[in-house]
Structure formats: C-alpha cells, structure tokens
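The structure under discussion appears below in the form of structure tokens.
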Amino acid sequence: MKTLAEKIDLLELSEKAANLIIKILEEKNSHSKIPTKNDLKFKETLKQIYHICPLLSDGYAEMYNFIQKEKINEKSSYQKRLIKNGKY
Numbered sequence: 044m045k046t047l048a049e050k051i052d053l054l055e056l057s058e059k060a061a062n063l064i065i066k067i068l069e070e071k072n073s074h075s076k077i078p079t080k081n082d083l084k085f086k087e088t089l090k091q092i093y094h095i096c097p098l099l100s101d102g103y104a105e106m107y108n109f110i111q112k113e114k115i116n117e118k119s120s121y122q123k124r125l126i127k128n129g130k131y
C-alpha cells in the first residue's frame, strides 16, 4: 500500500490532472496537433502520477487521448455537437 504522503500527493496530482483535462476541453477548438500549454502541463502531471500509481496515470492518458482524437477529427460526434450548439 502507498504511504500516506504518496496518497496525499496522488490526490493533489489527480485534482490537478482533472482540472487540466477540463481546461483542455474548454480550449478553443482547433484541428491542430500542436500541443498547447495545458497539454504540456497535463503530460508533466501524468509523469508525476505515474511514479506513484502507473494504473491511474494510464487511465488519465487514455481519457486525454480520447479527447484529443475527438477534438482533431472533424467528423467526430463531439465536433458535430459543437457545430449544432453554435459553439464552433
């Protein structure tokens, strides 16, 4: 089992990762594959999480990859909803 300090760090890092995922979702939607400042911060946070709990890091990475794929793909259901709702 993880030490108390590691658990506390993991909670803080998880909160930071979740906040960054939300910021990434809210970013002006572009079809560019160039990472934003939030993308880079998120990836750095994932590295820190990985040292404590690789499984959790993998879960966040999977979520991030899915979001990026949906944002880049012009024909994704995510893009269609944005257009339909007038947000793009």
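The opening residue of the sequence shown carries number 44 in our numbering; numbering runs sequentially from there. From the three backbone atoms N, C-alpha and C, an ideal C-beta is built for every residue, glycine too. Treat the numbers as computed from the prediction; the structure is a model and nothing was measured.
Can you tell which of the options has the C-alpha that lies nearest to the C-alpha of residue i?
i    : options              : result
K114 : N62, L63, Q91, E70   : E70
S57  : Q111, F109, A104     : A104
T79  : Q111, K45, T46, N116 : Q111
My output table needs one value for residue i: the three-state DSSP class, helix, strand or coil.
i    : result
P97  : helix
T79  : coil
N108 : helix
Using a Cβ-Cβ cut-off of 7 Å (strictly less than) and excluding sequence neighbours within five positions of residue i, which residues of its own chain qualify?
i    : result
Y93  : S100
L47  : none
L68  : I110
Y107 : I64, F85
D52  : I95
T88  : L56, K59, A60, L63
Over what stretch of residues does the alpha helix (DSSP H) that includes residue i continue unbroken?
i   : result
K59 : 47-69
Does the distance from the C-beta atom of residue i to that of residue j stay below 7 Å?
i   : j   : result
K66 : N81 : yes
K84 : L63 : yes
Who are the near neighbours of residue i in its chain, counting only those whose CB is closer than 6 Å to its CB and skipping five residues on each side?
i   : result
E49 : I95
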